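Visitor: For what it's worth, the working numbering labels the leading residue of the sequence shown as 1229, then goes sequentially.
C-beta: ideal position from N, C-alpha, C; glycine also.
Quantities reported herein were computed from a predicted structural model and do not represent experimental measurements.
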Amino acid sequence: MSQPLSYFPGLRFLHSPGPTHVPKAVMDAMSEQPMDMADERLDPLIADCEEGLRSIMKSDDAEVFIYSSNGHGVWEAVTVNLASPGQKVLVASTGHFSDSWALMTEAMGVEVVRTPYREGYPIDPADIEQALGADRANEIVAVYVVQTDTASSITSDVPAIREAMNRAGHPALLVVDVVASLAAAPYGMDAWGVDVTLGASQKGLMCPPGMAFCAANARAIEVARANPANRFYWDWERRRGAPSYKKFCGTPPQSFLQGLRTAISLLHQEGLDNVLARHRRFAAAVQAAVEVWAEGGQMQFICQIPSARSVSVTTIEINGVAPDMIRQVAREQFNVSLAGGLGPFFGRAFRIGHLGDLSAPMVLGCLSAVEGTLRSLQVPIGSGAINAALDALKAQ
């Protein structure tokens, strides 16, 4: 194989499930000079970001807390606000990210109850109903759910989970991680009965990594207020109200806020329904191509339920060739960055991200690069994958 290039002409296509491609308008907004802390433009900037996030989550009055953090940071923020050491939370097992969240929660002294995990399948709401029903003393404070697990590319049914919790008659809060699904898959915080939502900047929100948020309804705020756990930087109560720096426990991340406000504006200019439809089209195209490649006998979807396959990312198990070799060839010969397998899929799978600021030519270019990579590595694949992707794009 030739030596890797130190310079790549043209654009490198970024098809990880995060970070994702950042629009130029967002990058331009982030390059604006930061403001004095007393600048009269600062409060409206923060308010626009809070209201913009509420609009995308579809919540009328959830309180929004924005952090200089990644998604793992807001996992900790949620736990330290809602649960004390010795209390319990229920983590709905859906793969690598739910397990990582559970391990972090246990490290904070909170007891974790896990539902059974079946590789390749979404969360079973019946497992949550059973676990809550067995908690006769109502010791479980909250149910943690990852809507889209980016490792397995599986999206679970949040409304069905809420219905299962209602049937159990349990007072636990419903906490949903939308890091990989917000502004890509349907989500309705208020309508779905979600008490706390958490997300991050680097996926469907089309911003660089480094900023994350929680949104909590009144019931969750009351649970947090009564929680005696020691906390400071993550504390929701300390971050409520004016002045502006109080909302961030110090200096606001102004450049990120400028970028986020612009990204939210772009999403609304496109129209949120159109954004969701675009993600459905692109996911259908990628999955149509994978189905054809899989005819060669060495590839398969990790997600075994077609309706649960994510609109954000597709995880593909492959035999006979190392997934990292596929990523290397795609990156060095075709200028396309793919993602590797995580957790139990490390060394077994690669991932194609298809969310955020993408167009149909970008998706088709990625698929052509993946097919070129597979052919150069002599991986047996079916014929006609790109035509299948084109047909899927037209059918949506």
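Exposed or buried, which one is K1622 when buried takes at least 16 other CB atoms within 10 Å?
Guide: K1622 comes out exposed.
Visitor: What is the rounded straight-line gap between the Cα of Y1349 and the Cα of G1571?
Guide: Whole-angstrom Cα-Cα distance: 16 Å.
Visitor: Thinking just about the alpha-carbon of each residue, which of L1401, L1488, H1582 is nearest to the one in K1316?
Guide: Looking at the Cα atoms, L1401 is the closest of the given residues.
Visitor: Assuming I1492 and I1356 are in contact, meaning their beta carbons sit under 8 Å apart, how far apart are those beta carbons, in whole angstroms?
Guide: About 32 Å separates the two Cβ atoms, so there is no contact after all.
Visitor: According to DSSP, is R1576 part of a helix, a strand, or is it coil?
Guide: DSSP places R1576 in coil when its eight states are reduced to three.
Visitor: Can you give me the C-alpha to C-alpha distance between G1469 and K1475, rounded to a whole angstrom?
Guide: Answer to the nearest angstrom: the Cα atoms are 7 Å apart.
Visitor: Just confirm the distance between the C-beta atoms of K1431 and V1407, as a whole number of angstroms; I'd bet it's less than 8 Å.
Guide: Yes, they are in contact, since the Cβ atoms of K1431 and V1407 sit about 6 Å apart, within 8 Å.
Visitor: In this structure, does DSSP put K1286 in helix, strand or coil?
Guide: Coil at K1286, not helix or strand.
Visitor: Is DSSP giving M1229 helix, strand or coil here?
Guide: Note that M1229 scores a pLDDT of 45, beneath 50, so its modelled location is shaky; the value from the coordinates is reported in the next line. Correct three-state label for M1229: coil.
Visitor: If distances are taken between C-alpha atoms only, which option among E1291, G1314, S1604 comes closest to A1457?
Guide: For A1457, the nearest C-alpha among the options comes from G1314.
Visitor: Which ranges would you report for the alpha helix (DSSP H) in the segment 1415-1481 if only whole runs of at least 4 residues count?
Guide: You should have 1446-1454.
Visitor: Decide yes or no for the touch test of the segment 1339-1354 against the segment 1525-1544: beta carbon pairs closer than 8 Å, at least 3 of them.
Guide: Counting Cβ pairs under 8 Å, three or more are found: they touch.
Visitor: Which residues in the same chain as G1246 place their Cβ atom closer than 6 Å to its Cβ, once the five residues preceding and following it in sequence are excluded?
Guide: The answer, listed in chain order, is Q1430, K1431.
Visitor: Pairing CB atoms from the segment 1440-1451 with CB atoms from the segment 1301-1312, are three or more of them under 8 Å?
Guide: As far as the Cβ criterion goes, the segment 1440-1451 touches the segment 1301-1312, which means the pair count is three or higher.
Visitor: Does the segment 1540-1550 come close enough to the segment 1513-1532 that 3 or more CB-CB pairs lie under 8 Å?
Guide: Touching, yes, given that three or more Cβ pairs across the two stretches are closer than 8 Å.
Visitor: At the level of alpha carbons, what is the spacing between Q1358 and I1382?
Guide: The straight-line gap from Cα to Cα measures roughly 22 Å.
Visitor: Along the alpha helix (DSSP H) that carries R1537, what are the first and last residues, could you check?
Guide: Element bounds for R1537: n/a, residue is neither H nor E.
Visitor: Among S1244, L1595, L1270, R1342, which has the Cα closest to the Cα of P1481?
Guide: Residue L1270 is the option with its Cα nearest to P1481.
Visitor: CB-CB under 8 Å to A1452, same chain, minus the five flanking residues each way: which ones, in chain order?
Guide: Counting only Cβ-Cβ distances below 8 Å, and skipping sequence neighbours, we find N1309, L1310, A1444, W1464, E1465.
Visitor: Taking 8 Å as the limit between beta carbons, can you name the residues of its chain near V1369, skipping five residues before and five after?
Guide: Taken in chain order, the residues that qualify are L1310, A1311, Q1315, K1316, V1317, A1400, L1401, V1451.
Visitor: For a test of the three-state rule: what should DSSP assign to L1621, helix, strand or coil?
Guide: Of the three classes helix, strand and coil, the one that applies to L1621 here is helix, per DSSP.
Visitor: Among V1373, N1366, R1364, which residue has its Cα nearest to the Cα of Y1345?
Guide: The shortest Cα separation from Y1345 among V1373, N1366, R1364 belongs to V1373.
Visitor: By Cβ distance below 6 Å, which residues in the same chain neighbour H1398 in space, the five residues on each side in sequence not counted?
Guide: L1360.
Visitor: Would you tell me roughly how many angstroms separate the C-alpha atoms of G1581 and M1590, rounded to the nearest one?
Guide: Answer to the nearest angstrom: the Cα atoms are 11 Å apart.
Visitor: So which of P1387, A1428, G1301 has the shortest CA-CA distance to Y1415?
Guide: The option with the nearest alpha carbon to Y1415 is P1387.
Visitor: Thinking C-beta only, is N1563 closer than 8 Å to F1198?
Guide: The question about residue 1198 has no answer, for the chain in this structure spans 1229 to 1624.
Visitor: Apart from the five residues just before and just after M1332, which ones in its own chain have a Cβ nearer than 8 Å to its Cβ?
Guide: Same-chain partners within the cutoff: H1300, W1303, E1304, T1307.
Visitor: Going by DSSP in three states, E1339 sits in which element: helix, strand or coil?
Guide: It is a strand residue.
Visitor: Where in the segment 1490-1530 do unbroken runs of the alpha helix (DSSP H), each at least 4 residues long, occur, reported from the N-terminal end onward?
Guide: 1500-1521, all fully within the segment 1490-1530.
Visitor: When DSSP labels each residue in this structure, what does G1361 get in the three-state scheme?
Guide: G1361: helix per DSSP, three-state reduction.
Visitor: Nearest CA to the CA of Q1526: which residue from D1377, G1568, L1602?
Guide: For Q1526, the nearest C-alpha among the options comes from L1602.
Visitor: Would you please verify whether the beta carbon of T1333 is less than 8 Å from any beta carbon of chain B?
Guide: In the structure shown, chain B does not exist; there is a single protein chain.
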